[in-house]
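*Asks:* Under numbering that gives the first Met the number 0, think of the first position of the sequence shown as 0, with each following residue one higher.
Every residue gets a Cβ at the ideal spot worked out from N, C-alpha and C, and that includes glycine.
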Amino acid sequence: MSDAALDPEITAQIVSIIRELAGTGITQVIVTHEVEVARKTASRVVYMENGRIVEQGDASRFAQPQTAEFASYLSH
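1. Given that a residue counts as buried once 16 or more other Cβ atoms are within 10 Å of its Cβ, and exposed if not, what is residue 7?
2. Would the region 58-67 and the region 31-46 be scored as touching if the rule is three or more Cβ pairs under 8 Å?
3. Identify every run of the alpha helix (DSSP H) within the region 7-57, keeping only runs that are complete inside it and at least 4 residues long; order them along the chain.
4. Determine, using beta carbons only, whether residue 73 and residue 14 come nearer to each other than 8 Å.
Listed below in structure tokens is the structure:
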């Protein structure tokens, strides 16, 4: 699923579906450039740049990134 250029209403619907599925225990892998979608749905995060993993961990990384690269990405 691509979330590029989705309007806020559609994005909210997608977030709702992701949360509903998460509540059933179904494992999901979601790839997105939309930080807010990731913040609202992720229990774990893997941040990649140029095909390599730069940072990974639980969702608290959004509030306390451990690498300058992830911190920089989140600040945009």
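*Replies:* Result, derived from the coordinates:
1. Within the sequence shown, residue 7 is the residue found at index 8, counting from 1. With fewer than 16 other CB atoms across the displayed protein chains lying within 10 angstroms of its CB, residue 7 is exposed.
2. As far as the Cβ criterion goes, the region 58-67 touches the region 31-46, which means the pair count is three or higher.
3. With a minimum length of 4 residues, the continuous alpha helix (DSSP H) runs that stay inside the region 7-57 are 7-22, 34-40.
4. Stepping through the sequence shown from its first residue, residue 73 is reached at position 74. Stepping through the sequence shown from its first residue, residue 14 is reached at position 15. Taking the C-beta atoms as reference points, residue 14 is found no nearer than 8 Å to residue 73.
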